[in-house]
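Asks: The working numbering puts the first residue of the sequence shown at 599, with every later residue one more than the last.
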Amino acid sequence: MASATDESALVESESAESGSAESDLAKPAGATRTEKIRRIKADVSHTALVRRARRMNRILAELYPDAHSELDFTSPLELLVATILSAQCTDKRVNQVTPILFSRYHTAADYASASREDVEKIIVSTGFFRAKTASLIGLGQALCERFGGEVPNRLRDLITLPGVGRKTANVVLGNAFGVPGITVDTHLSRLARRFGWTTADDPDKIEQEVGALFPRSEWTILSHRMIWHGRRVCHARRPACGACDLAGLCPAYGEGPIDPVIAARLVKPGPFS
Ligand code: SF4
599 MASATDESAL
609 VESESAESGS
619 AESDLAKPAG
629 ATRTEKIRRI
639 KADVSHTALV
649 RRARRMNRIL
659 AELYPDAHSE
669 LDFTSPLELL
679 VATILSAQCT
689 DKRVNQVTPI
699 LFSRYHTAAD
709 YASASREDVE
719 KIIVSTGFFR
729 AKTASLIGLG
739 QALCERFGGE
749 VPNRLRDLIT
759 LPGVGRKTAN
769 VVLGNAFGVP
779 GITVDTHLSR
789 LARRFGWTTA
799 DDPDKIEQEV
809 GALFPRSEWT
819 ILSHRMIWHG
829 RRVCHARRPA
839 CGACDLAGLC
849 PAYGEGPIDP
859 VIAARLVKPG
869 PFS
């Protein structure tokens with residue numbers, strides 16, 4: 599758990615920066631003094647936010663050294679299909695269904711010419727199976743018609759495919775192609791707001807604001823760590839604040855029980871796949 603000393607250091611560091619900022623104000627040039635004060639305060643608070651966010655990420659890295667996608671896949675196409683199926687469904691359920699699906703459908707052409715009834719029967723337990731079947735068949739057709747049957751490795755191409763939004767595209771880019779991306783799912787959105795990294799509800803805005811706090815190279819693994827923490831500790835209802843290693847740095851500490859014994863009972867150890 600982050601210590602009170604860490605907290606004080608952060609506060610001291612912010613005060614120190616504020617002090618040096620004030621000295622810069624002695625001779626305002628160009629901008630008015632008020633504008634300059636406003637700009638410097640914004641810079642200082644952004645610097646503090648970045649510093650705190652990166653410290654939280656380091657704690658998450660220690661907590662979840664093995665964080666990874668909990669969907670099973672062996673190729674970009676399989677990951678794309680599994681991610682489409684994971685909408686409104688658990689990864690565990692998707693992983694129960696995909697072995698049968700992947701044993702029957704190997705290529706984009708297989709999906710393009712699939713029997714709707716057959717796919718629906720296989721994926722029915724993932725929910726929204728009619729819409730998901732339509733997406734998978736449409737996906738296969740689009741890949742064959744426009745991308746030579748291959749999954750493209752660019753965001754702007756991926757998001758043109760049926761059933762593929764920025765979230766799915768970033769999952770595929772980050773995990774199948776090694777292209778950094780922030781996966782804004784329900785867990786990452788909730789945690790980013792609780793951490794004070796964003797106040798937005800719009801996924802694109804969340805992606806942009808969280809991304810701005812970290813180097814690109816951290817984006818994919820940060821997404822996994824946040825999703826893992828959201829599933830295990832920082833639940834939507836009753837987050838386990840009293841058992842959370844981020845408590846000393848989290849502005850939302852206290853949103854869930856802070857009693858260590860009660861909180862410990864809320865922690866779900868996983869795995870979720
Ligand atoms: S302190 Fe509570 S709200 Fe903050 S990350 Fe931990 S569990 Fe979530």
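Using N, Cα and C, we set each Cβ at its ideal position, and we do this for glycine too.
Given this structure, state the Cα-to-Cα distance separating residue 708 from residue 830, to the nearest angstrom.
Replies: Distance between the alpha carbons of residue 708 and residue 830 is about 37 Å.
Asks: CB-CB under 8 Å to residue 797, same chain, minus the five flanking residues each way: which ones, in chain order?
Replies: Hits under 8 Å: 791.
Asks: By alpha-carbon positions, which one of 679, 657 and 794 ends up nearest to residue 647?
Replies: Looking at the Cα atoms, 794 is the closest of the given residues.
Asks: So for residue 811, helix, strand or coil by DSSP?
Replies: In this structure, residue 811 counts as coil in the three-state DSSP scheme.
Asks: To the nearest angstrom, how far is the alpha carbon of residue 868 from that of residue 664?
Replies: Each residue's alpha carbon lies about 13 Å from the other.
Asks: Under 7 Å from any heavy atom of ligand 1, by CB: list those residues in chain order, please.
Replies: Cβ-based neighbours of ligand 1 within the cut-off: 789, 792, 793, 827, 831, 832, 837, 838, 839, 842, 844, 845, 848, 850, 851, 853 and 854.
Asks: Alpha carbon to alpha carbon, what distance is there between residue 635 and residue 688?
Replies: Cα-Cα distance, rounded: 48 Å.
Asks: Can you tell me where the alpha helix (DSSP H) with residue 674 in it begins and where it stops?
Replies: Counting along the chain, the alpha helix (DSSP H) containing residue 674 begins and ends at 674–683.
Asks: Here's a check: name, in chain order, each residue in its chain whose Cβ is nearer than 7 Å to the Cβ of residue 733, leaving out the five neighbours to either side.
Replies: Correct list, in chain order: 682, 760 and 761.
Asks: Under 8 Å Cβ to Cβ from residue 819, same chain only, skipping five residues before and after it: list those, please.
Replies: Result list for residue 819: 659 and 665, in chain order.
Asks: DSSP three-state label for residue 668, please.
Replies: Residue state, collapsed to three classes: coil.
Asks: Could you spell out where the alpha helix (DSSP H) holding residue 773 opens and where it closes?
Replies: Residue 773 -> alpha helix (DSSP H) spans 764–774.
Asks: If we count Cβ pairs, one from each stretch, closer than 8 Å, do we get three or more for the region 770–778 versus the region 661–680?
Replies: With the cut-off at 8 Å, the region 770–778 and the region 661–680 touch.
Asks: Name the residue from 835, 827, 840 and 859 whose alpha carbon lies nearest to the alpha carbon of residue 656.
Replies: The shortest Cα separation from residue 656 among 835, 827, 840 and 859 belongs to 827.
Asks: Can you list, in chain order, the stretches of the beta strand (DSSP E) that have 3 or more residues and sit fully within the region 776–806?
Replies: Whole beta strand (DSSP E) segments, 3+ residues: zero.
Asks: For a test of the three-state rule: what should DSSP assign to residue 697, helix, strand or coil?
Replies: It is helical.
Asks: Going by beta-carbon coordinates alone, are residue 699 and residue 679 separated by less than 8 Å?
Replies: Yes; because the gap between Cβ atoms is below 8 Å, this pair is in contact.
Asks: Count the other CB atoms, across all protein chains shown, that sit within 10 Å of the CB of residue 601; report buried if there are 16 or more and exposed otherwise.
Replies: The pLDDT assigned to residue 601 is 39, lower than 50, so where the model puts this residue is not dependable; a value taken from the coordinates is nonetheless given after this. Residue 601 is exposed by the Cβ-count criterion.
Asks: Over what stretch of residues does the alpha helix (DSSP H) that includes residue 722 continue unbroken?
Replies: Residue 722 -> no alpha helix (DSSP H), and no H or E assigned at all.
Asks: Going straight from the alpha carbon of residue 748 to that of residue 731, what length do you get?
Replies: Each residue's Cα considered, the two are about 19 Å apart.
Asks: Under a three-way DSSP split, which group does residue 751 fall into?
Replies: Coil, per DSSP.
Asks: Ordered along the chain, which non-local residues of its own chain (more than five positions away) have a Cβ less than 8 Å from that of residue 735?
Replies: Taken in chain order, the residues that qualify are 709, 710, 712, 714 and 717.
Asks: For residue 856, which three-state DSSP category applies?
Replies: Reduced to three states, the DSSP call for residue 856 is coil.
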